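Here the structure comes first, spelled out in structure tokens, and everything after it is commentary.
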Amino acid sequence: MRVPDRDDLRTYAPIGDGRTVALVAGDGGIDWMPMPNLDSTPVFARLIDDDDGGCLELAPDGEYTVRRRYLAGTNVLQTTFATDAGTVTVTDALVTGVAGRLPWSQLVRRIDGVEGSVRLRWAVRPGTRLRTASPWVQRADGHHLLQIGTTTLAVVGGDVGTPRAESRASPFPAVRGAFTTSPGSRHVLGIVATDDEPLHLPDVTHLDESLDRSIAGWRTWSREFSYDGPWADAVQRSALALKLLVYAPTGAIAAAATTSLPENPGGGKNWDYRYAWVRDLAYTAHALVRFGLREETHAALSWLLKTIRRHGDELHVMYTLRGGVVDGVQEFDAPGWQGIGPVVAGNPAHDQLQLGVYGDLFAICRTYVDAGNVLDAATGRLLARTADRTCDLWRQRDSGMWELPELQHYTSSKMGCWQALRDAVHLAEAGAIPGEPSRWAAERDRIAAWIEEECWSEELGAYTMYPGSRELDTSVLLHAESGFDRGERMSRTIDALTAELGAGALLYRYSGMRREEHTFVASAFWRAGALACVGRHEEALTAMDDLVGRANDVGIFSEMIDAEDGTFWGNLPQALSHLAVVASALTIRDVVPEGALRGH
């Protein structure tokens, strides 16, 4: 392909190390990399601050074309640049150490000459941390050090030309270099970073070794991954994308790797998703269990349960990656992606009541127990108290899954409460938690009857967004898979949602969103899974075939897709989008007859 436009989010491919994530553009630039942690104010943020955000650059002089891929079974990206003079490959990774995750951030860029002779230029240009710090450069022990607030970076290179420092005040300091490849040549460029602590300067040979070690480590992880079914490449890539969002120091799972990427050209809906949503964590753990991945599942569940107990029994919608409570929103004086602001840290939904998270909590615990694991006594008591609480809470209005300011009796929230009590009864009957399940069972049935009576519109032929409403909401599709309804009413709801909110195989989130934002990737995959659940197998297969082809060139999804031109919108990689790929593929594999799956 020709050099992609950086203003198209489809050009970005994520790499990561379990602590942070970098986004590599099709032109070889790294325009997003918080260091050292994913939720740090980013040192490299040209993605949302074109002038002062900072970036890493590496590309041939003159014109070139680009091909790229992830090395099989890894999150290591390989970009091939072809020029009139020759061909070169760049292999990018945030690397690991001998004992696992490094105690510092370390990016390695390996450049291999393939054919001919190619001259490349590179630059390390740290930004102003969203206009909160002034970077500067100094020379120490033969290395160029860059200081940005409390973060220290070092540039380490092997056969990448003579680095030169630019200390001019405008736009900001940088370290640059240039070199020429030849067939079989190898060049290595590394960036190491720490925050408010000493900085280790690795030997150049160790940079190359760490890249090979990281490739091997990813492939070892992928060999533990077990999926035998249709769309295997898309499912594995989604699992690898989700693995990038696991914050290894705690086991938390981030909802996305970025902040402030807009959901529409008008701006306003620019949220920070670098937090752990209970919902996303539950869905991720459910998928990882079904893939036979044990460590991440245990770490995520243990982290969540300890975090809940630390802050009291009341569930929060989200927590920080280190287990704190999200505290408000900070707005930065930065322009945003394509000038569409605001740029923020924090999320205003942190203190909302969202009843669906109760279903999510019990779902992950049931998945864990059904996989042959055991809940501890403190968790059992917590879940019993939470089940009792759900028996009362379900009658309240909430903000729904979409974090809406208008409190209503949202249908999918009530379905989530039904799911919570159903799974609580299951856990109690299995001896996994204490308590009296007869009350939970009675309230579960009362919720189901209330939904059937209050939330169904015969006129619309659908479950409505909330009682008395004419609006529709794709989040009810989740409860085809949960088992609330896999019959005629859910099938008719799918048709109503498709008619009002559909754009080909894509879907808008709920009524009115066609005017405000783009189609929501997860909703489209939920529809495919729901079609399979209600027995409409051929339609489910057709929808999945269409949707998996809408990823970018390396299999990554953002939050939203423009139905007209296929461009990406919203934060990326988006956990909920990749979770929907995985969940729908697993559901279809499990419910569609094997003969019908041939060829998919």
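By numbering that gives the first Met the number 0, the letter at position 42 of the sequence shown is numbered 41, and the numbering carries on one by one without gaps.
A virtual CB, placed ideally from N, CA and C, is assigned to each residue, including glycine.
Just so you know, these numbers come straight off a predicted model, no measurement behind them.
_Taking 9 Å as the threshold (C-beta atoms), are D350 and G316 in contact?_
Contrary to the premise, residue 316 reads as Val rather than Gly in this sequence. Closer than 9 Å, so yes.
_Given this structure, state the Cα-to-Cα distance separating T40 from P172, to the nearest angstrom._
18 Å
*Could you pull the start and end residues of the beta strand (DSSP E) that R68 belongs to?*
T64 to Y69 is the span of the beta strand (DSSP E), which, as asked, contains R68.
*On a CA-only basis, which of G265, R365, T82 and D38 is nearest P341? Give me that one, please.*
G265
*Which residues bound the alpha helix (DSSP H) around W103?*
Here W103 belongs to no alpha helix (DSSP H), and DSSP marks it neither H nor E.
*Along the beta strand (DSSP E) that carries V424, what are the first and last residues, could you check?*
It is not in any beta strand (DSSP E) - V424 instead sits in the alpha helix (DSSP H) that spans T410 to E428.
*Could you tell me which residues DSSP pairs with C54 in its beta bridges?*
R124
*For the alpha helix (DSSP H) that F524 lies in, which residues bound it at each end?*
V520 to C532
_Cutting at 8 Å between CB atoms, please list the residues of its own chain near R469, excluding the five before and the five after it._
So the list reads S456, L459, T463 and S510, once near-sequence residues are dropped.
*Enumerated in chain order, which unbroken segments of the alpha helix (DSSP H) with a length of 4 residues or greater are wholly contained in the segment 419-489?*
436-453 and 477-480
*Where in the segment 166-240 do unbroken runs of the alpha helix (DSSP H), each at least 4 residues long, occur, reported from the N-terminal end onward?*
203-223
*Taking contact to mean at least 3 C-beta pairs separated by less than 8 Å, is the segment 344-362 in contact with the segment 393-400?*
yes
*Buried or exposed: which applies to Q329, given that a residue is buried once 16 or more other Cβ atoms fall within 10 Å of its Cβ?*
exposed
*Can you tell me where the alpha helix (DSSP H) with E295 in it begins and where it stops?*
E294 to R309
*Please state whether DSSP places D391 in a helix, a strand or coil.*
helix
*Have a look at the DSSP bridge pairing and note the partners of P59.*
Per DSSP, L119.
*Just checking my contact of T518 with M559 at CB under 8 Å: how many whole Å lie between their CB atoms?*
6 Å
*Do A539 and A531 have their CB atoms nearer than 9 Å?*
yes
_Quick check: W31 and T257, are their CB atoms within less than 9 Å of each other?_
yes
*Inter-residue CB distance, Y465 and H408 (contact presumed, cutoff 8 Å)*: So it is a contact: roughly 5 Å between Cβ atoms.
*Give me the Cβ distance between E442 and L420, rounded to the nearest whole Å; I'm assuming they're in contact under 8 Å.*
6 Å
_Quick test of the definition: if touching needs 3 or more C-beta pairs under 8 Å, does the segment 58-68 touch the segment 134-144?_
Contact fails: fewer than three Cβ-Cβ distances are below 8 Å.
*How long is the line joining the alpha carbons of P347 and S237, rounded to whole angstroms?*
28 Å
*Sort out for me which residues DSSP pairs T150 with in a bridge.*
Paired residues: I147 and D194.
*asked:* Between the alpha carbons of D552 and N74, how many angstroms are there, rounded?
replied: 14 Å
_Unbroken stretches of the beta strand (DSSP E), 3 residues or longer, contained in the segment 307-381_ = 328-331 and 342-345
*Nearest neighbour of L575, chosen from A240, V20, W135 and R109 [CA to CA]*: A240
_Alpha carbons only, please: which of L129, T86 and D60 is nearest the one belonging to D48?_
L129
_Can you give me the C-alpha to C-alpha distance between G267 and I339, rounded to a whole angstrom?_
8 Å
_Opening and closing residue of the alpha helix (DSSP H) in which D30 lies_ = No alpha helix (DSSP H) contains D30, which is instead part of the beta strand (DSSP E) from I29 to W31.
*Is the beta carbon of A56 less than 9 Å from the beta carbon of T86?*
The sequence shown places Glu at residue 56, rather than the Ala named in the question. No, these two residues do not count as a Cβ contact at 9 Å.
*Please classify T79: does DSSP put it in a helix, a strand, or coil?*
strand
*Residue from A251, D332 and D326 whose Cα sits closest to the Cα of E630*: This structure cannot settle anything about residue 630, because the visible part of the chain is limited to 0 through 599.
*Compute the distance between the beta-carbons of L188 and G156, then report whether it is under 9 Å.*
yes
_Inter-stretch contact at 8 Å, needing at least 3 Cβ pairs: the segment 573-590 / the segment 228-235_ = yes
*asked:* Quick check on the DSSP output: the beta strand (DSSP E) that includes D545 runs from which residue to which?
replied: Unbroken run through D545 is the alpha helix (DSSP H), H536 to V547; no beta strand (DSSP E).
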